[in-house]
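Protein sequences appear in the order of chains A and B. Going by our numbering, the final residue of the first sequence carries number 207, and the count climbs one at a time with no gaps. Going by our numbering, the final residue of the second sequence carries number 207, and the count climbs one at a time with no gaps.
Protein chains: 2
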Amino acid sequence: MEALLANISRYITLTPGETERFFSLVEEKKIRKKQLLLQDGDICKHSIFVKQGCLRGYTIDKQGTEHNITFAPAGWWIADLYSLFTGKPGQLFIETTSDSVVQLLSREKQEQLFQEIPKFERFFRILTENALVSNQQRVIDNLSLSAQERYLKFCERYPSLINELPQKHIASFIGVTPEFFSKMLSKS
Amino acid sequence: MEALLANISRYITLTPGETERFFSLVEEKKIRKKQLLLQDGDICKHSIFVKQGCLRGYTIDKQGTEHNITFAPAGWWIADLYSLFTGKPGQLFIETTSDSVVQLLSREKQEQLFQEIPKFERFFRILTENALVSNQQRVIDNLSLSAQERYLKFCERYPSLINELPQKHIASFIGVTPEFFSKMLSKS
DNA sequence: CGTCTATTTGAATGTACTCAAAAGCGGTGG
DNA sequence: CCACCGCTTTTGAGTACATTCAAATAGACG
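Structure representation (C-alpha cells):
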C-alpha cells in the first residue's frame, strides 16, 4: 500500500472513493539531494509528506550557524508550521538531505478536503497534537538531558537516519558542535 | 467581561445561549499558593484556564532537579498535553505559584461541547496550533540563543511574571542554575 | 524575633566551544 | 583508473561559559 495512505489509515478509515479524491488533491514531486524547498521569509503553503528520501528543517541564527530543528525521513510530514498556520513569513529552511520523492498538499486544497471529507479534520488535528507532544518533549529533553542522552533520544526517534545523515547534522540537532560530537562518539 | 469569555472570543463568537451552556460545563476553583494540581504519573483530565494568579508546569529529572516547562499567568491555559491527548500517565507537575482561581474543563465535557457547539472544535484547534508554534519557537531559541537572550525572550513572553516569580523559577525555565542566573542579572 | 527559603558571592571544576591543522572520503574529470 | 578537489571528520590546545559546593546575606512569614 501507498505509504501516505498507510499513514492516514493509522487514524482514520477512508472509502476507495475518498482515497481517490484525496490523492487527486495531492501533488507528487521528485527532488534531488540538497535542494531547498522553503527558506527564511517564505510563506509555507504546503504540508509535505515524504514518500522516499529525507528532508530537514533548520534555521540560521544571526551568527550564520544552522540549527536543525526537525528531520523527516520516509513516512513523515514536514512544514514550517508557524507559517502554515498563520499565513505569515516563516524562519524555517526546508531542504532534501538525499534524493527524495515528496507529496504536497496545499493549505488551500486541505481546506477543500475538510469541507468535502470532514474526517480529515480529525486526521490533521491528531497530526498537530502529535507534533505538539513531541516538541514539548524536546523542550523537556533539552532542559534535563546531557548531550549524550540527547543523542540517544535522537537515535530512538530517527533510527533510520543514524548512518544516513552527515554527523554535523546530528550534532546540530542535539545542540552541540560537530567537533564536540565527534569527540563524544569516540568516547562511548 | 469574564476573562475566559474574552479569551474564547478572540477566535470564535458565541451567542448568549452558547456562552451560558459553556460556563455550565466549567468548574471554578480557588487554590492556595504552592498547591499541586497534577503530578508525575497522573492522567491529566482537564484543561485549566487561569482566571487569577499563576501556575507553573514542571518536570523532575532523575537527579531530582526541577525544570519549569511553562508558566500560566492569568488569562492562559495549562495542562499536561501529552497526557490529555493520549489519556496516558504524564510526567508533568502542575502547581500554583500564587493564590489562584482556575476554571476547569474536563476532557469529557469538552467532547460534549464539541458535539453541541462545533465551533469550539475550531477554538481548541487554534489553541493547540498556537501552543505548537510557541513550543517550536522554544526549541529554536534553546538551540540558537545565549542564556541572556533566552531571558529576554522570557520577559517578552511573560512580562507580568518578571517581578512576580522567584528567580530560581525563571532560571530553571531558561535552563541555567539560580547561582548563574543571579550573576548574569547583576552583570547586565 | 526566629526560622525557613531565596539570593548573592567566591573558588574550584567541568563541559562544551573556538580555532587551527591534519586526515579521511567521495565524486569528478582527465 | 587514478589523481585531485571539496567537504566532513578527527585531533589537539587554549578558552569561555556554566556548574558545583560552600558560606554569607537578605527577605518573607508566622
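For each residue, glycine too, the CB sits at the ideal point set by N, CA and C. Just so we're clear, the structure is a prediction, and the values are computed from it rather than from any experiment.
Here P137 of chain B is exposed: its Cβ has fewer than 16 other Cβ atoms, across all protein chains shown, within 10 Å.
Residues of the region 97 to 119 of chain B with a C-beta atom less than 8 Å from some C-beta of chain A are L100, Y101, F104, T105, Q110, listed in chain order. A buried status is given to Q155 of chain B, since no fewer than 16 other beta-carbon atoms sit within 10 Å of its beta-carbon. Taken in chain order, the complete beta strand (DSSP E) segments of 3 residues or longer contained in the region 103 to 142 of chain B are 112 to 115, 119 to 125. Taking every protein chain shown into account, the CB of F199 of chain A has fewer than 16 other CB atoms within 10 angstroms, so this residue is exposed. A check of alpha carbon separations from C63 of chain B across B:I97, B:L146, B:K206, B:S201 identifies B:I97 as the nearest. Each residue's CA atom was taken as its position, placing D61 of chain B and A22 of chain B some 28 Å apart. DSSP lists B:T89, B:I113 as the beta-bridge partner residues of G76 of chain B. Residues of the region 149 to 183 of chain B that bring their beta carbon within less than 7 Å of a beta carbon in chain A comprise A150, L151, V152, N154, Q155, R157, V158, I159, N161, L162, S163, in sequence order.
DSSP places S66 of chain A inside the beta strand (DSSP E), whose first and last residues are 65 to 71. In this chain, the alpha helix (DSSP H) harbouring K172 of chain A covers 166 to 176. About 7 Å separates the beta carbon of L132 of chain A from that of F41 of chain A, a gap short enough to meet the 8 Å contact definition.
For E198 of chain B, the enclosing alpha helix (DSSP H) covers residues 197 to 206. At a cut-off of 8 Å between beta-carbon atoms, R144 of chain B makes contact with chain A. The contact set of H188 of chain B on chain A, defined by CB atoms closer than 9 Å, is empty, because the minimum CB distance reaches about 13 Å. Nearest to Q82 of chain B by alpha-carbon distance, out of A:E175, A:L164, A:D118, A:I113, is A:L164. Setting aside the 5 residues that flank it on each side, E85 of chain B is surrounded in the same chain by Y77, I79, S191, each with a C-beta closer than 7 Å to its C-beta; the list follows chain order.
At a cut-off of 8 Å between beta carbons, G194 of chain B contacts chain A.
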